[in-house]
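**Student:** Throughout the sequence shown, residue numbering follows the working numbering, covering 28 to 186 in sequence.
Before I ask anything, here is the structure I am working with.
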Amino acid sequence: PRTMLLAALAVVFAVIALLAVVRPGTSEVSNEAWVDTPATLEVTSAGRDALQTVFSYKFDTIDQDQAAARAVLNDERRGEYDSTAEQTKQGVIQTQTTTTATVTDIGVSLLDGDRAELLASMDIAATQDTVDQGTVQTPVSVTMERVDGKWLLATIDNR
């Protein structure tokens, strides 16, 4: 009986060892967020700054605010942003709107080379013609991509 138990345990350990080598259900993606603290901190900081930049603007500095937003977006997102920028600008000026976005929490769920996925929670406060319009809290999922050494927003999904 003891020999059979040891044989059964040996088979179980062999299967576990084989599964550890084969790693079923995993893809080729390596999640550096768990092991590369400096890179994780870098993309977290870039994500926080980019979100706050894109969602914050003032009616009297809208041109500079939109230029700053363009600088943190990849080419595809910049194209989308530009398609509505003039309309947004006119509305912001007419209503004298100011928004202030504050990322309250942010974390990297995946970091793989020049691509990262982040989850964030943001507060966006607004005023129109100096009248407080309140604050909206929203979760956001973003993808960042490193282009020429700089992390840029590639996707933004308000959940």
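We treat Cβ as the ideally placed atom computed from N, Cα and C, and that holds for glycine.
This one's a predicted model, so the numbers in the text were calculated from it and none came from an experiment.
Run the CB neighbour count on VAL158, radius 10 Å, all protein chains shown included, and call it buried at 16 or more, exposed below.
**Tutor:** Taking the first residue of the sequence shown as 1, we reach residue 158 at position 131. Classification for VAL158: exposed.
**Student:** May I have a chain-ordered list of the alpha helix (DSSP H) segments no shorter than 4 residues that lie completely inside the segment 71-123?
**Tutor:** The qualifying runs are 89-97, 102-122.
**Student:** Taking one C-beta from the segment 125-132 and one from the segment 95-109 each time, how about it: are there three or more such pairs within less than 8 Å?
**Tutor:** Touching, no, given that fewer than three Cβ pairs across the two stretches are closer than 8 Å.
**Student:** Might you give, ordered along the chain, the residues of its own chain that have their beta carbon closer than 8 Å to the beta carbon of PHE86, omitting 5 neighbours on each side?
**Tutor:** Counting from one through the sequence shown, the residue named residue 86 turns up at place 59. If we look at PHE86 and ignore the five residues flanking it on each side, its Cβ neighbours are VAL119, ILE120, THR122, GLN123, THR124, THR125.
**Student:** Helix or strand or just coil, what does DSSP make of THR64?
**Tutor:** The residue labelled residue 64 in the question sits at position 37 within the sequence shown. THR64 falls in the helix class under three-state DSSP.
**Student:** To which residues of the same chain is THR80 closer than 6 Å at the C-beta, ignoring the five residues directly before and after it?
**Tutor:** The residue labelled residue 80 in the question sits at position 53 within the sequence shown. The residues are ALA95, ALA96, VAL99.
**Student:** Measure from the alpha carbon of THR115 to the alpha carbon of each residue in GLN93, VAL167, THR162, then state which is nearest.
**Tutor:** Stepping through the sequence shown from its first residue, residue 115 is reached at position 88. Ranking GLN93, VAL167, THR162 by Cα distance to THR115 puts GLN93 first.
**Student:** Measuring alpha carbon to alpha carbon, tell me which of GLN117, GLU113, THR127 ends up nearest SER83.
**Tutor:** What you label residue 83 is simply residue 56 of the sequence shown in a count that begins at 1. Of the candidates GLN117, GLU113, THR127, the one whose C-alpha sits nearest the C-alpha of SER83 is THR127.
**Student:** Pull up the DSSP beta-bridge partners for GLU172, would you.
**Tutor:** Here residue 172 is taken as the residue at index 145 of the sequence shown, counted from 1. Looking at the DSSP assignment, GLU172 forms a beta bridge with ARG142, LEU179.
**Student:** Where does GLY74 land, buried or exposed, given buried means 16+ other C-beta within 10 angstroms?
**Tutor:** Numbered from its first residue, the sequence shown carries residue 74 at position 47. Its Cβ being crowded by 16 or more others within 10 Å, GLY74 is buried.
**Student:** Straight-line CA distance for GLU144 to GLY176?
**Tutor:** Here residue 144 is taken as the residue at index 117 of the sequence shown, counted from 1. Here residue 176 is taken as the residue at index 149 of the sequence shown, counted from 1. Cα-Cα distance, rounded: 17 Å.
**Student:** With which residues is GLN160 paired in a DSSP beta bridge?
**Tutor:** In the sequence shown, the residue the question calls residue 160 occupies position 133. Paired residues: none, contrary to the question.
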